[in-house]
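In short: position in the sequence shown from 1, add 1, done, that's our numbering.
Yeah, the Cβ is synthetic: ideal placement off N, Cα and C, and Gly gets one too.
Note that this is a predicted model, so its numbers are computed, not measured.
Everything on this sheet refers to the single structure shown next.
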Amino acid sequence: MSAGFALLASLLWGVADYGGGTITRRLPALGVVVLSQTAAALVLAVAVTATGGWADAGPALWYAVAAGVIGPFALLAFYRALALGPMGVVSPLATVGVLVPIGVGLFLGERPGLVQALGILVAIAGVALAGGPQRGGPAVSRQVLVLTLSAALAFGAVLALIAHASAVGGLLLTLCVQRLTNAAVGVGMLAAAARREPLELRGAARSLPSLTAVGVADVTANGLYAAATHLGSVAVAAALASLYPVVTALMARGLLKERLLRVQVVGAGLAVAGTLILAAS
């Protein structure tokens with residue numbers, strides 16, 4: 002059951018990443034984040050109300066609030082990176098966010114073994130190679146790399162916070178509070194951005210079903226991952242769930258006809274390999 006949940010989370014994350022990235026190519030990234038997360042928050046609020054989940058509210062939900070504050074900034078950076086750079090590079094690099102839970106473990110007194118050290122080195126090598134350049138070919142811009150790695154670390158923090166909050170309180174309520182906070186923070190960011198320069202959201206109404214699907218897929222994947230870590234081995238769940246870049250890359254290659262430089266393919270593969278080594282160690 003744990004492995005099945007983790008694999009399904011991987012599939013949904015991959016589809017959500019592809020969907021969010023493609024929508025961001027025609028709508029502002031901030032608008033995509035706010036609309037998709039608001040849609041997910043409304044769906045979750047209805048579900049929590051229907052199941053009486055509000056009665057499970059407790060102090061642990063502050064971790065969900067913290068995750069909700071971080072989430073919009075992570076998604077904004079990630080969708081922006083997906084819009085500016087090749088998905089086949091951006092999505093695999095985002096998996097290095099697993100370093101955050103490892104860092105938390107180090108802070109709490111854990112020490113990496115040889116396998117974990119190998120995973121860290123492989124992931125770092127993948128980050129370097131995925132940015133290119135290759136003689137005669139273009140490189141991924143520094144902006145895309147910074148956006149992707151910032152998003153990855155923030156995603157790692159969100160997963161750690163959600164896992165902790167859901168272990169103490171109800172999973173559905175935890176996800177709902179996180180997404181409601183996401184939406185509130187996102188609306189604030191949208192209002193601030195609109196004061197500086199009006200956002201062009203023409204066509205957002207036509208994209209609303211797709212935006213809702215992206216938000217619901219993302220939050221469902223978070224829930225499945227958290228459930229997988231509670232039902233079985235955290236290492237196995239993390240390793241299986243971290244395969245989502247394969248889904249995004251295959252969709253980008255098949256639907257968008259993306260072509261990557263050889264060195265970028267190697268680098269992206271190493272980033273995923275390093276993540277799997279870390280998650281399984």
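Within 10 angstroms of its Cβ, does residue i collect 16 or more other Cβ (buried), or is it exposed?
i	result
R295	No statement about residue 295 is possible, as the shown extent of the chain runs from 2 to 282 and does not include it.
G157	buried
P60	exposed
T276	buried
R81	buried
A10	buried
M88	buried
L256	exposed
F79	buried
V101	buried
Using only the alpha-carbon positions, how far apart do residue i and residue j sit?
i	j	result
L241	F6	9 Å
S90	K258	It should be pointed out that residue 90 corresponds to Val in this sequence rather than to Ser. The alpha-carbon atoms of V90 and K258 are separated by roughly 14 Å.
S142	V49	42 Å
A195	P29	12 Å
M252	A269	15 Å
G54	L262	49 Å
A274	L244	10 Å
R27	G86	14 Å
V97	A118	14 Å
E198	G114	50 Å
Y226	L173	13 Å
Below 8 Å CB to CB, which residues in the same chain sit around residue i once its five sequence neighbours on both sides are set aside?
i	result
P73	V34, V35, Q38, N183, V186, G187, M190
Looking at C-alpha atoms only, which residue of the options is the closest neighbour of residue i?
i	options	result
G170	L244, G32, L62, L31	L62
L76	L45, W55, L244, W14	W14
T52	S211, A274, C177	C177
V264	A131, L225, A193	A131
G31	A84, L173, L251	Reading off the sequence, residue 31 comes out as Leu, not Gly. Closest option to L31, Cα to Cα, is A84.
A41	P93, P210, G120	P210
L271	L122, A227, A238	L122
T249	A78, G54, L94	L94
I278	L8, V99, I24	V99
V267	A124, R197, G22	A124
Kindly list the residues whose CB is nearer than 7 Å to the CB of residue i, restricted to its own chain and excluding five residues on each side of it in sequence; keep chain order.
i	result
A67	L162
A17	V215, A218, D219, A222
V159	A68, I71, G72, A75
A168	H231
R254	G89
G224	L172, L176
L212	I24, V33, L36, S37, A40
Please return the same chain residues whose Cβ sits closer than 6 Å to the Cβ of residue i, not counting the five positions on each side in sequence.
i	result
H165	Y64
M2	L232
(message) I'd like the ranges of any alpha helix (DSSP H) spanning at least 4 consecutive residues and lying wholly in the segment 192-267.
(response) 205-232, 235-242, 245-256
(request) With a floor of 4 residues, list each alpha helix (DSSP H) that falls wholly inside the segment 32-117, ordered by position along the chain. (result) 62-85, 88-94, 100-108
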